[in-house]
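Chemist: Right, I'll just put the structure down here and ask away after.
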Amino acid sequence: MKFFVDTADTDAIRELNELGMVDGVTTNPSLIMKSGRDIKEVTKEICDMIPGPVSAETVATDADGMIAEGLELKKIADNIAIKVPLTWAGLKACKALTDQGHMVNVTLCFSPNQALLAAKAGATFISPFVGRLDDINLDGMDLIADIREIYDNYGFETQILAASIRSANHMTKAAKIGADVATAPPDVIRKMAAHPLTDKGLDAFLKDWASTGQKIL
Ligand code: G3P
0 MKFFVDTADT DAIRELNELG MVDGVTTNPS LIMKSGRDIK EVTKEICDMI
50 PGPVSAETVA TDADGMIAEG LELKKIADNI AIKVPLTWAG LKACKALTDQ
100 GHMVNVTLCF SPNQALLAAK AGATFISPFV GRLDDINLDG MDLIADIREI
150 YDNYGFETQI LAASIRSANH MTKAAKIGAD VATAPPDVIR KMAAHPLTDK
200 GLDAFLKDWA STGQKIL
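Note that numbering that gives the first Met the number 0 has the sequence shown beginning at 0, numbered continuously upward.
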């Protein structure tokens, strides 16, 4: 499973990238707001650092507006994936932009039918929002599994990008189901390394080692 980082925090992206954990980056208007930076400036900095796809989101609500904004965002760098919402207008924009050879990430997906339409419109990525379905007492992972089954039934090449990932457990489940990509906030990726038995075991080893009085260096 590829790891995308869901943030516009360039320091956090840099740290994870140095560990080889970053196959791409996703941003959205809320994450740009959180960064406090200009969208073009911060997106350029991310694209210079990460060769993989960097999603930048349009904010127009009509297809022509999304296409125009998408083409403007695409000027930032070749590795931009243009993000459009899963509305009828978004599907039109997706088809037009993919026909022109651009990567398109269709976001705000909450149902298998929406994912099927995005694949038919040629989306490079479909972004089902796991955490926001969990928030309304549904199981977001069921959506990932349904989309996986549908895409595999027909050989759709659209990549399933599990989004709105909120926990390390979400990452495990997305990987088991076979999501192509998961995009997670930096903290979630860091938490994947944590295990209480690792901490307990290390503590015991260090105590025993200290009692030997030995040194390696
Ligand atoms: O990738 C989409 C993501 O940013 C949404 O996450 O936690 O705001 O639902 P969240």
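In this text, a Cβ means the ideal position worked out from N, Cα and C, and glycines have one as well.
At what residues does the beta strand (DSSP E) containing residue 102 begin and finish?
Modeler: In the sequence shown, residue 102 corresponds to position 103, counting from 1. 102-108 is the span of the beta strand (DSSP E), which, as asked, contains residue 102.
Chemist: Please write down, chain order preserved, every residue whose beta carbon lies under 7 Å from a heavy atom of the ligand G3P.
Modeler: Matched residues: 5, 25, 27, 29, 30, 106, 126, 128, 130, 131, 162, 163, 165 and 182.
Chemist: Kindly indicate the opening and closing residues of the beta strand (DSSP E) around residue 160.
Modeler: Here residue 160 refers to the residue found at position 161 when the sequence shown is read from its first residue. Element bounds for residue 160: 158-161.
Chemist: Please name the residue or residues paired with residue 180 in a DSSP beta bridge.
Modeler: Indexing the sequence shown from 1 puts residue 180 at position 181. Paired residues: 1 and 160.
Chemist: Using the Cα positions of residue 37 and residue 206, report the straight-line distance between them to the nearest angstrom.
Modeler: In the sequence shown, the residue the question calls residue 37 occupies position 38. In the sequence shown, the residue the question calls residue 206 occupies position 207. Taking the straight line from one Cα to the other gives about 50 Å.
Chemist: Roughly how far, in whole angstroms, is the beta-carbon of residue 60 from the beta-carbon of residue 88, given that I think they are within contact range, below 8 Å?
Modeler: The sequence position of residue 60 within the sequence shown is 61, counting from 1. The sequence position of residue 88 within the sequence shown is 89, counting from 1. Going by Cβ atoms, the distance from residue 60 to residue 88 rounds to 6 Å, so yes, they are a contact pair.
Chemist: At the level of alpha carbons, what is the spacing between residue 218 and residue 155?
Modeler: What the structure shows of the chain is the stretch from 0 to 216, and residue 218 is not part of that stretch, so it cannot be assessed.
Chemist: Suppose the cutoff is 8 Å on Cβ atoms and the five residues either side in sequence are ignored; what does the same chain contact list for residue 191 look like?
Modeler: Counting from 1 along the sequence shown, the entry for residue 191 is found at position 192. These residues qualify, in order along the chain: 167 and 170.
Chemist: Please state whether DSSP places residue 25 in a helix, a strand or coil.
Modeler: Stepping through the sequence shown from its first residue, residue 25 is reached at position 26. In the structure shown, residue 25 sits in a strand (DSSP, three-state: E or B).
Chemist: Give the DSSP-derived three-state secondary structure of residue 67 in the structure shown.
Modeler: Taking the sequence shown and counting its residues from 1, the one referred to as residue 67 is at position 68. Three-state result, residue 67: helix.
Chemist: Rounded to whole angstroms, what is the Cα-Cα separation between residue 197 and residue 1?
Modeler: Against the sequence shown, residue 197 aligns to sequence position 198. Against the sequence shown, residue 1 aligns to sequence position 2. Between residue 197 and residue 1, the C-alpha separation is close to 25 Å.
Chemist: What's the gap between the Cα of residue 14 and the Cα of residue 118?
Modeler: Counting from 1 along the sequence shown, the entry for residue 14 is found at position 15. Counting from 1 along the sequence shown, the entry for residue 118 is found at position 119. When rounded, the distance between both Cα atoms is 33 Å.
Chemist: Helix, strand or coil for residue 204, going by three-state DSSP, please let me know.
Modeler: Position 205 of the sequence shown, counted from the first residue, corresponds to residue 204. Reduced to three states, the DSSP call for residue 204 is helix.
Chemist: If you reduce the DSSP assignment to three classes, tell me which class residue 185 lands in.
Modeler: Translated into positions along the sequence shown, residue 185 becomes position 186. Here residue 185 sits in helix by DSSP.
Chemist: Assuming residue 26 contacts residue 9 under a Cβ cut-off of 8 Å, what Cβ separation, rounded to an integer in Å, is found between them?
Modeler: Here residue 26 refers to the residue found at position 27 of the sequence shown. Here residue 9 refers to the residue found at position 10 of the sequence shown. Not confirmed; about 11 Å, so no contact.
Chemist: Does DSSP put residue 80 in a helix, in a strand, or in coil?
Modeler: In the sequence shown, counting from the first residue as 1, residue 80 sits at position 81. Strand at residue 80.
Chemist: Run through DSSP, which three-state label would residue 111 get?
Modeler: What you label residue 111 is simply residue 112 of the sequence shown in a count that begins at 1. DSSP places residue 111 in helix when its eight states are reduced to three.
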